[in-house]
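Using UniProt numbering, the letters of the sequence shown map in sequence onto residues 1 to 277. The beta-carbon is built from N, C-alpha and C at its ideal position, and this holds for glycine as well.
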Amino acid sequence: MAPRPTGGIGQSVRDSLVIARRNLIRMSRIPEMVLFGVIQPVMFVVLFTYVFGGSMKIGNSTDPDVYKDFLMAGIFAQTVTFATAGSAAGIADDMQKGLVDRFRSLPMARGAVLTGRTVADLVQTAITLVVLAVVALLVGWRTGSAEPTNAGRILAGFGLLLLLGYAFTWIGALIGLSVRTPEAATSGGIIWLFPVTFISNAFVDSSQMTPWLRHVADWNPFSAIVQACRQLFGNPGVSPSDAWPMQHPVWASLLYSVLIVLIFRTLAVRKYRSAHG
1 MAPRPTGGIG QSVRDSLVIA RRNLIRMSRI PEMVLFGVIQ PVMFVVLFTY VFGGSMKIGN
61 STDPDVYKDF LMAGIFAQTV TFATAGSAAG IADDMQKGLV DRFRSLPMAR GAVLTGRTVA
121 DLVQTAITLV VLAVVALLVG WRTGSAEPTN AGRILAGFGL LLLLGYAFTW IGALIGLSVR
181 TPEAATSGGI IWLFPVTFIS NAFVDSSQMT PWLRHVADWN PFSAIVQACR QLFGNPGVSP
241 SDAWPMQHPV WASLLYSVLI VLIFRTLAVR KYRSAHG
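Encoded structure:
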């Protein structure tokens, strides 16, 4: 049994940064990890923009340019949440190879292995978002197309996206600790995301859904971040419903993200300790 560290929060931060650096170095040596992570959301941008753009009705308009600006917040949000699968697979792979047990032989903070992994995944998500934003601009996405915005609000929108992405990596961490193989982690990390992302206001006007389904979509944390980004980016949308998350999407996004981090970090660290205690 490794001796328990006594450095408190400072020790935990240092250990987490060491693990994050290790994962970032590994990422740089396997560039296809980043490349494939970028290709998928780029494909979604192109397919939704040019295949579905002219057939989607946003408010009273079927203008492809209106849908293009409406769409991008949803694509950004989907991208950060789908990073969950990579987190789950990465942790499951480290578990299978025994790397986690090796880290446990060192006098390091117990949660540092998971925190370091999620921080490294956050960096990869940020890189993907930058590339995706450039692609979005190339296909015609523009901020401030419906109402005025500024650089501060735009950066705040991307900050909310990264916070949500970080929160969801903790869900991935719990999944990765709960399965036996990276393949199972990949499936378990992504299959539940499809109803979360598609039963929302990300790709369609939720007012056109049946009443019960719209109620689910309006209270979906994913819908809150999408609506918040549309407001901050100054992009067109539809009049939000009376549901509290749609009336106050920025605050709802912050609340949802913080709760997800608190709940799933606690569960993941507990699972880590019980599995290897």
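| Query | Result |
| --- | --- |
| F198 to L106 span [Cα, whole Å] | 43 Å |
| Pairwise C-alpha distance: G172 and V131 | 23 Å |
| Cβ-Cβ separation, V261 to A167 (assumed contact under 8 Å), whole Å | 5 Å |
| Strand pairing of I127, partner residues [DSSP] | Looking at the DSSP assignment, I127 forms no beta bridge with any residue, so it has no partner. |
| Alpha carbon of F233 to alpha carbon of V51, nearest angstrom | 24 Å |
| Residue from M33, L259, H248, F222 with nearest C-alpha to V123 | M33 |
| Nearest candidate by alpha-carbon position, reference P249, set R265, T266, N220, F264 | N220 |
| Ranges of the beta strand (DSSP E) found wholly within the stretch 120-192, counting only runs of at least 3 | none |
| Cβ contact (3+ pairs, closer than 8 Å) linking the stretch 26-43 and the stretch 115-129 | yes |
| Nonlocal neighbours in the same chain, by C-beta distance under 7 Å from W141, ignoring five residues either side | K68, D69, M72 |
| Spatial distance of G241 from Q78 (CA atoms) | Note that residue 241 corresponds to Ser in the displayed sequence, not to Gly. Whole-angstrom Cα-Cα distance: 22 Å. |
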